[in-house]
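A.B. asks: So that we are looking at the same thing, I have put the structure below in structure tokens.
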Amino acid sequence: MSTDGKTDMTEPLKDRLLRATAGSCTCDVKTPELQYHAPQCHYRLFEEAREEINRLNGIYLSAVKGRREFRDAFRRERENHGR
Ligand SMILES: [Zn+2]
Numbered sequence: 629m630s631t632d633g634k635t636d637m638t639e640p641l642k643d644r645l646l647r648a649t650a651g652s653c654t655c656d657v658k659t660p661e662l663q664y665h666a667p668q669c670h671y672r673l674f675e676e677a678r679e680e681i682n683r684l685n686g687i688y689l690s691a692v693k694g695r696r697e698f699r700d701a702f703r704r705e706r707e708n709h710g711r
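Letter by letter, the sequence shown follows residues 629 to 711 of my numbering.
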């Protein structure tokens, strides 16, 4: 949270969610292990959201990497064939 009371959007979403998980258990299970928490427990929801974000981020990063590799290969091809 920034000083004007608005959410700091530059803080990565996964980090904001990590902060939100602290003390968020609403089913009163005293363990960090997700499977023991109720499906609607807020701790479990936050942790599952973090897993989802990490998964999507992985897909995004591999897509960016793939795009960069394609662009570099395309550039090399053009340089090698003078077009
Ligand atoms: Zn819980």
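By construction, the Cβ of each residue, glycine as well, lies at the ideal position given by its N, Cα and C atoms.
(1) Which class does D656 belong to by DSSP, given the choice of helix, strand or coil?
(2) With a threshold of 7 Å (Cβ to nearest heavy atom), would T654 be considered close to ligand 1?
(3) Does the distance between the C-beta of A691 and the nearest non-hydrogen atom of ligand 1 fall short of 7 Å?
(4) Check M629 in the structure and name its three-state DSSP category.
(5) Note down, in chain order, each residue of its chain lying with its Cβ closer than 8 Å to the Cβ of L641, except the 5 sequence neighbours on either side.
C.D. replies: Taking the coordinates as given:
(1) coil
(2) yes
(3) no
(4) Low confidence applies here, because M629 scores a pLDDT of 49, under 50, leaving its location unreliable; read the following figure in that light. It is coil, neither helix nor strand.
(5) I681
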